[in-house]
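Here's the structure, in structure tokens; my notes come after.
There are 2 protein chains.
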Amino acid sequence: MRHLLLAATAAVIAMPVAVSAQENVTNRIIDEGTNHSQVMPTVQHLTDVIGPRMTNSPAMRVAEKWTADKFSQWGLKNVHKEAFPFGRGWTIERSSVRMTTPRVVQLTAIPIAWTPATQGTLTAPVIVAPIEKERDFAKYRGQLRGKIVLITEPGTGDEPTTPDFKRLSGEDLSKLDQFQQPSYDPAANDRRLKRLDYAKKLDAFLTAEGAVAYATKSYRDGKLVTGEGSLFGVGETGALPGIQIAAEDYRRLARLAKTGAAPTLEIVSDVRFNDSDTNGYNIIAEIPGSDPKAGYVMAGAHLDSWVAADGAADNAAGSAMIMEAARILAATGVRPKRAIRFALWAGEEQGLLGSLAYVQKHLATRGAPNDPVASGGNAYYTWSNRWPVNPQPGYRDLAAYFNIDNGSGKLRGLYAENNPAVVPIFREWLAPFSAMGASTVVMRQTGGTDHVFMQQVGVPGFQFIQDPLDYFPRIHHTSVDTFDHLKAEDMRQGSIVLASVLLSAANADKPLPRKPVPTQPVVTDPYAYSQDDD
Amino acid sequence: MRHLLLAATAAVIAMPVAVSAQENVTNRIIDEGTNHSQVMPTVQHLTDVIGPRMTNSPAMRVAEKWTADKFSQWGLKNVHKEAFPFGRGWTIERSSVRMTTPRVVQLTAIPIAWTPATQGTLTAPVIVAPIEKERDFAKYRGQLRGKIVLITEPGTGDEPTTPDFKRLSGEDLSKLDQFQQPSYDPAANDRRLKRLDYAKKLDAFLTAEGAVAYATKSYRDGKLVTGEGSLFGVGETGALPGIQIAAEDYRRLARLAKTGAAPTLEIVSDVRFNDSDTNGYNIIAEIPGSDPKAGYVMAGAHLDSWVAADGAADNAAGSAMIMEAARILAATGVRPKRAIRFALWAGEEQGLLGSLAYVQKHLATRGAPNDPVASGGNAYYTWSNRWPVNPQPGYRDLAAYFNIDNGSGKLRGLYAENNPAVVPIFREWLAPFSAMGASTVVMRQTGGTDHVFMQQVGVPGFQFIQDPLDYFPRIHHTSVDTFDHLKAEDMRQGSIVLASVLLSAANADKPLPRKPVPTQPVVTDPYAYSQDDD
């Protein structure tokens, strides 16, 4: 109750007129977002009809056009796309992996993203050669010719003792209210870059040794596959076809190879590259503001996905909520003080590359003038560790950014991202949504998605707390990330809360309190250097 | 503690000499079952090397020979197979299902057992026509020509809020200690027979309407498939290829068909029938008894499986524990009073047909002399409702039967199957295994596997309580029923406990107390007739 009372009091004192208008508009938003909701048809089109949207794939091109058209049809303004250099388009046309000796089994497997096709049917024996680092190469030199190389340690079956599907309890929520001190390890980026480089070195090693293909084990049990791959850049494509095999099927191959003759696999990986346009594109749309000097607020979600299913929870759900919030606000005819900008990012799965491009273009650059350019996969790893941060002319125009990328679960509130000054403001904005379960504000900082590079340059970028549902245990990146596992009531609730928060932010008297422009931290933890994960 | 004290007291009073001998032999059994265990190599061979063992398939023939050979190598006596009429052999050579319009998706699907092949690639549009009963046929007459008919209601995604993997707590175990009054519904068998007949009528209807194939939805989410089918009899094979599609893929097809043009599927179902021998075979082996008049005790598990994976938890696990108990007892050189017989059943998945054949041959027949013969699929449904029960000469020879068919989980004790007289005896036998977690005896009656038809004629057939692990939530009959999800420590424990219980039963002064020979029950529940599930 305390938070609600505080919030109500603050609202009455701080901006009674705005709140009164807001009360009306809140009910208009709720009506539009429930009785006239379009969020499920939107997400159904993105997932069932368009399907997986790997950045620069033909389906992503369809999605870019379809979403931009929708924004225009709904009355959004300044609808446009913003290009950034990305890499190759890639799709799966057909794939089949069978074990043919010592017996016939149709396996569950998926081509690894951006690996080349098999050119028909490839048949060869496997060899189990767990290779995790460059230093493992020597162990297998001279043994790989003509083989399909199983490069993952087989391991054993899992024992899932927690439920796959979960909603956050009050206790769960309160655990999230933690200030976390930042940590800084200047060597981490170098280590990560080595890993990135490792994918190329691995392909080169296997190719030089005469291997004919390689296979990894899915990191999830239960026959789920993901098929993530990293060599998406032009000129980066490896020479060997790669497949990811379901854990159960992979381990069977490894056990058979250990107890008898090496099994034979028959692989068909009919995949296609498309290099007609190597730029990725962010889709941008706006509701104009009434005060051109007041800047803008923004919400975004990544439209791109992996390819093992339809990228539903990750992240057609977030994209559709962003689109629906835009539609709702456009339908209500609001004219906020600040403009409200909507972004559908590309290249998120390869390193937040679409939102990074936006940051570099509109908000801030990083590094000294003579630093090498950060681009493609390496941008993600190097960018955080470039100094100084150089604010660009638009740096202060973006008053607040809100990101959605944690599945289709109900919004439960906001992460304050270690910025205590925003907590009372967020509580006020969320107060009307207490009965929808969305009024919690917690201090915790979050990572892994498109607000991160904004936070890292001092722009107030936030994420919503969401009910996790079954996102991380089984949906995230997997072959079951389909429309089936989205929750319509949650998606409608999320669109409503997002629309209202954006409007509150756009009409607030002042822009949100910001953190200082970051400067290079002093390393305080001597143990940061002791980690050996290269 | 009460049970342990009781058991110890009973043991000392009832048969002090036998118990003293038993103590030595228990430690010999434990040594053989831990330090010299063969249960995991055995189950690995059955699953990884031999693979799925559908009754009468070529792999099941290999398994029959391999298990019989093992019994002989281990010194078991009277190793032989017992034939019963079954039906056709069937295997999957290759299968692929793709959606080709409105976009290309490689689906997760499996041919339905005993459906015919597609004869190359079959391409056709789908129609969603949920057909559950004969009376649904009329709705779709005239609409199915040239179509792949999706006959299951699509439904929506699941929300798994309980853990997949579980071990039984003390509280769980005590809940199982319930006497359940038997219920009797003479119309149930007729209704079930109609369902069996329905599979043939459905195929005939779809064929007459010009459909080209049919598809069902897997009853589990998460891309698990099972592929069960029922038309295994000679002369019963349907005309149409049938596939079971993963729930997520099936629902996508249904949604697309609802919101746009019907999607097109491309099906390759390269399956093979084998009619070289239409008999199924149970594998039998023995440790001879010292007293030819004392009869025998028996343990059994079904060796057959479904075909979506390797039939590991269902039921290579049980088969391997039976084999290992036989090996352990043979290795210890025991010469019990009663013979100990081991059975690996076939045809369990099609209606406990192997154990039923054993009952009919060795224990009891049912029905009046002029009743029609129960055979194949109908035997399962009609047999329980045939009167009178006619004990055969061997009826009283079988002193006790123990079945294992609940996955690879540790044995936690025994179900007394509504027979209070055996409870103190079982507690005594299990007392040495309290520290292995296996000393619980509960009253509950269990069903669904190969002790049932023995129980139904009054022969004391029992099942062990087992830790469920992830058997029912995700393993049972599915594409992840592989070696990976078996637990080696549990399998070793189970083999030891089983071997010891069998030896106790074989050496017991008296055969186990039996229930009366069943006579036709009086129907006491008028509501038994109100159920409409035809």
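Line order of the protein sequences matches chains F and V. Just so we're aligned: the first sequence equals residues 1 to 534 in UniProt numbering. Just so we're aligned: the second sequence equals residues 1 to 534 in UniProt numbering. Positions of the beta carbon are idealized from the N, C-alpha and C atoms, including for glycine. Nothing here was measured: the structure is a model prediction, and the numbers come from that model.
Open item on the list: Rounding to the nearest angstrom, what Cα-Cα distance links F:TRP74 and F:GLY413 in this structure?
Closed with: As a first step, residue 74 of chain F is located in the first sequence; it is residue number 74 there, counting from the start. As a first step, residue 413 of chain F is located in the first sequence; it is residue number 413 there, counting from the start. Cα to Cα, the separation comes out at about 27 angstroms.
Open item on the list: For F:PRO516 and F:PRO460, I'd like the C-alpha separation in whole angstroms.
Closed with: By 1-based counting over the first sequence, the position of residue 516 of chain F is 516. By 1-based counting over the first sequence, the position of residue 460 of chain F is 460. Their Cα atoms are separated by approximately 10 angstroms.
- [ ] Could you say which of F:GLN455, F:TYR250, F:SER479 and F:THR55 lies nearest to F:PRO518 if we only look at CA atoms?
- [x] Mapped onto the first sequence, residue 518 of chain F falls at position 518. Taking only the C-alpha atoms, the option nearest F:PRO518 is F:GLN455.
Task: V:ARG492 versus V:ALA262 - alpha carbon distance - done: To locate residue 492 of chain V, count along the second sequence from 1; it is residue 492. To locate residue 262 of chain V, count along the second sequence from 1; it is residue 262. Roughly 52 angstroms separates the two Cα atoms.
Open item on the list: Just verifying my parser: in three-state terms, what is the DSSP assignment at V:VAL491?
Closed with: Position 491 of the second sequence, counted from the first residue, corresponds to residue 491 of chain V. The question names Val, but residue 491 of chain V in the sequence shown is Met. Here V:MET491 sits in helix by DSSP.
Task: Residues bridged to V:LYS166 (per DSSP) - done: Residue mapping note: residue 166 of chain V aligns to position 166 of the second sequence, counting from 1. DSSP, once it has assigned bridges, lists V:LEU469 as partnering V:LYS166.
- [ ] Would you check if the distance between the CB atom of F:TYR401 and the CB atom of F:HIS451 is smaller than 8 angstroms?
- [x] Translated into the one-based positions of the first sequence, residue 401 of chain F becomes position 401. Translated into the one-based positions of the first sequence, residue 451 of chain F becomes position 451. Yes, the pair counts as a contact, with Cβ atoms nearer than the cut-off.
Open item on the list: Please list, in chain order, the residues of the segment 164 to 188 of chain V that have any C-beta partner in chain F closer than 8 angstroms.
Closed with: ASP164, PHE165 and LYS166
Task: Cβ shell of V:TRP387 (< 8 angstroms), same chain only, five flanking positions each side left out - done: Within the second sequence, residue 387 of chain V is the residue found at index 387, counting from 1. Once the five neighbours on either side are set aside, the close Cβ partners of V:TRP387 are ARG366, GLY367, ALA368, THR519 and GLN520.
Open item on the list: Relative to the C-alpha of V:ALA299, which candidate in V:PRO52, V:GLY494 and V:SER57 has its C-alpha closest?
Closed with: On the second sequence, position 299 is the one that residue 299 of chain V refers to. The candidate whose alpha carbon is nearest that of V:ALA299 is V:GLY494.
TODO: Please report how far the alpha carbon of F:LEU176 lies from the alpha carbon of F:MET443, in whole angstroms.
DONE: As a working note, residue 176 of chain F is residue 176 in the first sequence. As a working note, residue 443 of chain F is residue 443 in the first sequence. Cα-Cα distance, rounded: 7 angstroms.
Open item on the list: From the DSSP secondary-structure annotation, give me the bridge partner or partners of V:HIS302.
Closed with: Within the second sequence, residue 302 of chain V is the residue found at index 302, counting from 1. DSSP output for V:HIS302 lists V:TRP345 as bridge partner(s).
TODO: Name the two residues that bound the continuous beta strand (DSSP E) containing F:THR278.
DONE: Within the first sequence, residue 278 of chain F is the residue found at index 278, counting from 1. Bounds of any beta strand (DSSP E) do not take in F:THR278, whose DSSP letter is neither H nor E.
- [ ] Report the rounded CA-to-CA distance for V:THR332 versus V:LEU498, giving the unit in angstroms.
- [x] For this step, residue 332 of chain V is matched to residue 332 along the second sequence. For this step, residue 498 of chain V is matched to residue 498 along the second sequence. If I take the Cα positions, the gap works out to 14 angstroms.
Open item on the list: With a threshold of 7 angstroms (Cβ to nearest heavy atom), would V:VAL104 be considered close to the ligand FMN?
Closed with: Among the components modelled here there is no ligand, and therefore nothing to report on the ligand FMN.
Task: alpha helix (DSSP H) segment containing V:GLY377, residue limits - done: Taking the first residue of the second sequence as 1, we reach residue 377 of chain V at position 377. Run containing V:GLY377: 376 to 382, per the alpha helix (DSSP H) assignment.
TODO: Would you identify the three-state DSSP class for V:VAL452, choosing helix, strand or coil?
DONE: Residue 452 of chain V sits at position 452 when you count from the first residue of the second sequence. Helix, per DSSP.
Open item on the list: Check whether chain V comes within 8 angstroms of F:VAL17, counting only Cβ atoms and requiring the distance to be less than that.
Closed with: Here residue 17 of chain F is taken as the residue at index 17 of the first sequence, counted from 1. In this prediction, F:VAL17 has a pLDDT of 38, which is less than 50 and means its spatial position is unreliable; nothing more can be read from the coordinates.
- [ ] Please name the residue in V:ILE29, V:ASN56, V:ARG141 and V:ARG514 whose C-alpha comes closest to that of residue 536 of chain V.
- [x] Missing from the structure shown is residue 536 of chain V; chain V here goes from 1 to 534 and no further.
Task: Range covered by the beta strand (DSSP E) that runs through V:TYR219 - done: Position 219 of the second sequence, counted from the start, is the residue given in the question as residue 219 of chain V. From DSSP, V:TYR219 is part of no beta strand (DSSP E); its letter is neither H nor E.
Open item on the list: Ignoring anything shorter than 3 residues, give me the beta strand (DSSP E) runs that lie fully in the segment 372 to 443 of chain F, in order along the chain.
Closed with: 389 to 391, 398 to 403, 411 to 415 and 440 to 442
- [ ] Under the assumption that F:VAL105 contacts V:LYS223 (Cβ atoms under 8 angstroms), give the Cβ distance between them as a whole number of angstroms.
- [x] In the first sequence, counting from the first residue as 1, residue 105 of chain F sits at position 105. In the second sequence, counting from the first residue as 1, residue 223 of chain V sits at position 223. Contact flag wrong, Cβ pair sits at about 17 angstroms.
TODO: Anything in the segment 229 to 252 of chain V with a Cβ closer than 9 angstroms to a Cβ of chain F? List those residues in chain order, please.
DONE: ALA246, ALA247, GLU248, ASP249, ARG251 and ARG252
Task: Neighbour-count burial assignment, F:ASP405, 16 or more Cβ in a 10 Å radius - done: Within the first sequence, residue 405 of chain F is the residue found at index 405, counting from 1. The residue in question, F:ASP405, is buried, as its Cβ has 16 or more Cβ neighbours within 10 Å.
Task: Contact set between V:THR156 and chain F, taken where Cβ atoms lie within less than 8 angstroms - done: Mapped onto the second sequence, residue 156 of chain V falls at position 156. Within 8 angstroms Cβ-Cβ: ASP484.
Open item on the list: Taking the beta carbon of V:PRO468 as the centre, do at least 16 other beta carbons fall within 10 Å, making it buried, or is it exposed?
Closed with: Position 468 of the second sequence holds residue 468 of chain V. Label assigned to V:PRO468: buried.
Open item on the list: From the DSSP secondary-structure annotation, give me the bridge partner or partners of F:THR121.
Closed with: Sequence index remark: in the first sequence, residue 121 of chain F carries index 121 (1-based). Answer is F:VAL268, bridged to F:THR121.
TODO: Note the first and the last residue of the continuous beta strand (DSSP E) segment covering V:LYS77.
DONE: For the purposes of this step, residue 77 of chain V is taken as the residue at position 77 of the second sequence. Its beta strand (DSSP E) spans residues 77 to 85.
Task: Check whether F:HIS485 and F:ASP314 have beta carbons under 8 angstroms apart - done: Walking along the first sequence from the start, residue 485 of chain F turns up at place 485. Walking along the first sequence from the start, residue 314 of chain F turns up at place 314. Taking C-beta atoms as the reference points, F:HIS485 and F:ASP314 fail to come closer than 8 angstroms.
Open item on the list: Any beta carbon from chain V within less than 8 angstroms of F:THR519's own beta carbon?
Closed with: As a position in the first sequence, residue 519 of chain F is number 519, starting the count at 1. No, no contact with chain V.
- [ ] Could you tell me the boundaries of the beta strand (DSSP E) in which F:GLN244 lies?
- [x] In the first sequence, residue 244 of chain F corresponds to position 244, counting from 1. For F:GLN244, the uninterrupted beta strand (DSSP E) segment begins and ends at 242 to 245.
- [ ] List the residues that DSSP assigns as beta-bridge partners of F:ASN274.
- [x] Working through the first sequence from its first residue, we reach residue 274 of chain F at position 274. Answer is F:GLY89.
Open item on the list: Strictly below 8 angstroms CB to CB, what residues from chain V border F:ARG492?
Closed with: Looking up residue 492 of chain F in the first sequence gives position 492. Neighbours of F:ARG492 on chain V: none; closest Cβ ~16 angstroms, over 8 angstroms.
- [ ] Give a yes or no on whether the minimum CB-CB distance between F:LYS223 and chain V is below 8 angstroms.
- [x] Position 223 of the first sequence, counting from 1, holds the residue named residue 223 of chain F. Taking Cβ atoms only, chain V reaches closer than 8 angstroms to F:LYS223, which makes this a yes.
Task: For F:PRO516, three-class secondary structure by DSSP - done: Stepping through the first sequence from its first residue, residue 516 of chain F is reached at position 516. DSSP places F:PRO516 in coil when its eight states are reduced to three.
TODO: Compare the Cα-Cα distances from V:ALA326 to each of V:PRO111, V:LEU303, V:GLN143 and V:LEU503 and report the closest residue.
DONE: Reading the second sequence from its first residue, position 326 is the one you call residue 326 of chain V. Here the closest residue by C-alpha is V:LEU503.
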